[in-house]
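Scroll down for the structure; my scribbles are underneath it.
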Amino acid sequence: MRIEAIGCEPLLLARFNLENSRSLETYRRHGGYEALRKALTTMSPDDVINEVKKSALRGRGGAGFPTGTKWSFVPKDSPKPKYVVCNADESEPGTFKDRYLMERDPHMLIEGMLIAAYALGARTAYCYTRGEYKYLIDIMDQAIEEARAAGLVGERILGTDFSCEVYTHTGAGAYICGEETALLNSLEGLRGHPRMKPPFPAVAGLYGCPTVVNNVETLCAVPWIIMHGGDAYRSLGTEKSGGTKLWSVSGHVKYPGVYELPMGYDDMEKFIMEDCGGIPNGRKLKAVIPGGSSVYIMRAEDIIGKDVRMDYEGLVAAGSMVGSGGFIVMDDTVDIFESTKNLIEFYKHESCGWCTPCREGTDWLVKAFKRIARGEGRPEDAQLLLDLCDNIEGKSFCPLGDAAAWPIQSAIKRFPEDFKRHLLPLAEQERVPAVA
Amino acid sequence: MNPLPKEIEEEIQSFSPEVEAEIDRHIAKYPVKRSAILPIMFIVQRERGYLDAAGIAYIARRLDLTITDVWEVATFYTMINLKPVGKYHIQVCRTLSCQLLGAEKIVEHISKRLGIKPGETTPDGRFTLSWVECLGSCGTAPAMQIGFDYYENLTPERVDEILDSLKE
Ligand SMILES: Cc1cc2nc3c(=O)[nH]c(=O)nc-3n(C[C@H](O)[C@H](O)[C@H](O)COP(=O)(O)O)c2cc1C
Ligand code: SF4
Ligand code: FES
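These protein sequence lines are chains A and B, in that order.
Numbers given in the working numbering equal positions in the first sequence, counted from 1, plus 1.
Numbers given in the working numbering equal positions in the second sequence, counted from 1, plus 237.
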């Protein structure tokens, strides 16, 4: 698997190839914790927030919300304790970048969490990590202990008045706990059902206190921004999407991996065909899901020769989304009916059961997909699937419902031929190679 | 919910001093004890193989919760095993990127070799085979975990090597 920066100097990946990249010593030898020192000794919390605002850093967890703006929502005058929570639940199918950030450079994340805590006036930060990533929790625990021993975590950090504890926390196998309010319930020791918003976590989050939840990659960008300035970060990307972004590339490419690209990288075709080595086995590109399983699927025709710019605006213009940057590539052997069936089974399994449209809707969708897969498809089933999606999208309690509907809606719309084939009477179906 | 029979309720008085200290360290991380419930469930599961009624009762006592409080959490999370699993829990990813690269073949191969289908445990209690959702190994697909250990870029031959290397 490849891990490399293309079209920019490695920023998030800068230390990935160093020996002992996860040790405190290596991190400090390469400038680690200097951004924290700079923030604590030369900047006010508001200065830090302003710098992050200037950087145009947007949340890398999926929603792309401007990070500085989110931080400024935390009430300054609240007498309650405040919390920073790192979202390391990374469970969106196709996404594995946070895993490598934590595995290779855990101190970068700890430094980002500490700077965020300083900006927000928090004295406690938790890193909520998916349960399957136990080895990363061990790596993080070890890094936190190292940092504590060096006076970088705990009381009076770097000899200043700023004190902050950093703790890891484990999830236990539930995709929904990546949704920030479900995550907070889970961190409070409850079932991971989402909460009503508003109030937003910035106002009433963990234990009812002001809380900022940020993705691993978002927090990892913060030390660089503080060290080099928000303007410098922004100028690496575009006006509206600052900096660089990690793309987790999987599926039918020669070189899957984690790629760091500047925001606004031109263009997606070159990325797939050259940077990722193209499609193996002499096959042709058929489809791409560019931002994790929840975003709209794209046809090859909407990528090849289309100069699709890889940033928030560019992907929306091309009919999809950046999402988590989980970039799944499919060649022309793939039956999009089958790939979509695979994803709806995921959403059914992960629906938390709290609200009826999502819980029942995903169940019905799976039943319909299974029946069609058995060869019992009917021509009117395409409309049935769309109606089922329509009863979930926009009618569910949290965005997981929409996330379940979008892949199906876009697949039926953009790959009608793959669905039609299954909706004809069995005798008329031409044999299509199944996925895998 | 009816109270549990007294002997189950009291079956686990405490774990070893080391394990009790480990549990205390988790509780100390949070202003509210209940937050430590998942880390403690994993510890109880590690010590007893799975989370049984006695384990639930122990956690309830340890965190000042009702037994129902603990059950409702335990039944939500797929990594909490409420039934015994094999010594080696083989969890193969079924999600899209792994499916594209042959996850089904991997499970077929394991099934044939161990004589069990996904969801089953070998009669000797050594292996349980499960399908799981995306493990965050999509770039190194197909992938599986045995317990907490990752195995990636799987082929049937690689699977054989891995299974051969596991201790009795
Ligand atoms: C169903 C669902 C799953 C999510 N999973 C994750 C996740 O695994 N990791 C993550 O960082 N954000 C995830 N999010 C987004 C979070 O709710 C939240 O927006 C994010 O953690 C905020 O951090 P950011 O602003 O730094 O992106 C998920 C959202 C939804 C609706
Ligand atoms: S939309 Fe789905 S995941 Fe979200 S609250 Fe409803 S049932 Fe739960
Ligand atoms: S799809 Fe199998 S690890 Fe992500």
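Virtual Cβ for every residue (Gly too), placed ideally from N, Cα, C.
Nothing here was measured: the structure is a model prediction, and the numbers come from that model.
Residue i versus residue j - alpha carbon distance
| i | j | result |
| --- | --- | --- |
| B:Y325 | B:I353 | 13 Å |
| B:P240 | B:Y287 | 21 Å |
| A:H229 | B:M278 | 43 Å |
| A:V254 | A:T245 | 22 Å |
| A:G152 | A:I116 | 15 Å |
| A:A435 | A:L366 | Only weak support exists for where A:A435 lies, its pLDDT of 49 falling under 50; the value from the coordinates is given anyway. Cα to Cα, the separation comes out at about 20 Å. |
| A:T239 | A:I7 | 16 Å |
| B:I399 | A:S45 | 54 Å |
| A:E189 | A:F338 | 39 Å |
| A:T357 | A:I226 | 43 Å |
| A:A437 | A:E181 | Low confidence applies to A:A437: its pLDDT is 41, below 50, so where it sits in the model is not reliable, and the reading given next is rough at best. Distance between the alpha carbons of A:A437 and A:E181: 34 Å. |
| A:D47 | A:V75 | 11 Å |
| B:W308 | A:A15 | 45 Å |
| A:G258 | B:N390 | 12 Å |
| A:R105 | A:K98 | 11 Å |
| A:S251 | B:P254 | 45 Å |
| B:I304 | A:K371 | 38 Å |
| A:N343 | B:C330 | 12 Å |
| A:P224 | A:A369 | 49 Å |
| B:D289 | B:H263 | 21 Å |
| A:R375 | A:G243 | 48 Å |
| B:F385 | A:G132 | 9 Å |
| A:G179 | A:D332 | 29 Å |
| A:Y260 | A:W248 | 5 Å |
| A:L13 | A:C221 | 7 Å |
| A:L425 | A:P380 | 6 Å |
| A:T96 | B:S334 | 10 Å |
| A:E394 | A:T161 | 50 Å |
Candidates the options: closest to residue i by CA position
| i | options | result |
| --- | --- | --- |
| A:A183 | A:E302, A:Y136, A:F97, A:D90 | A:D90 |
| A:R100 | A:R38, A:S45, A:Y134 | A:Y134 |
| A:T169 | B:E248, B:K266, B:E284, B:I260 | B:K266 |
| A:I305 | A:E275, A:P281, A:Q384 | A:E275 |
| B:F313 | A:E351, A:S411, A:L386 | A:E351 |
| B:K243 | B:A378, B:A291, B:Q382 | B:A291 |
| B:K320 | B:V256, B:T365, B:T377, B:L403 | B:T365 |
| A:I413 | A:G243, A:S22, A:A144, A:L387 | A:L387 |
| B:G362 | B:C375, B:R271, B:L337, B:I327 | B:I327 |
| A:E218 | A:E381, A:V86, A:T27 | A:V86 |
| A:F416 | A:Y260, A:D303, A:A175 | A:D303 |
| B:I280 | B:V256, B:L351, B:T377, B:R298 | B:V256 |
| A:L25 | A:A144, A:L58, A:G231 | A:A144 |
| B:I383 | B:S367, B:V269, B:I245, B:D306 | B:S367 |
| A:K307 | A:P11, A:G279, A:A319 | A:A319 |
| A:E147 | A:G231, A:Y266, A:T125, A:T27 | A:T27 |
Per-residue burial, residue i [other beta carbons within 10 Å of its own, 16 or more giving buried]
| i | result |
| --- | --- |
| A:F420 | buried |
| A:M197 | exposed |
| A:T171 | buried |
| B:N318 | buried |
| B:Q250 | exposed |
| A:Q384 | exposed |
| A:H31 | exposed |
| A:K77 | exposed |
| B:E394 | exposed |
| A:R157 | exposed |
| A:R61 | buried |
| A:T42 | exposed |
| A:D336 | buried |
| B:L337 | buried |
| A:R23 | buried |
| A:F163 | buried |
| B:S402 | exposed |
| A:G489 | With chain A running from 2 to 437 in the structure shown, residue 489 of chain A is simply not present. |
Anticipated Cβ contact below 8 Å, residue i with residue j, distance rounded
| i | j | result |
| --- | --- | --- |
| A:L185 | A:P202 | 6 Å |
| A:I140 | A:P107 | 5 Å |
| A:M322 | A:Y297 | 7 Å |
| A:S79 | A:P200 | Not a contact, Cβ separation roughly 12 Å. |
| A:L58 | A:T70 | That pair is no contact at about 10 Å. |
| B:T377 | B:V322 | Incorrect: roughly 24 Å between the Cβ atoms, too far for contact. |
| A:I329 | A:V289 | 7 Å |
| A:R38 | A:L159 | 6 Å |
| A:A405 | A:T363 | 5 Å |
| A:A123 | A:K83 | 4 Å |
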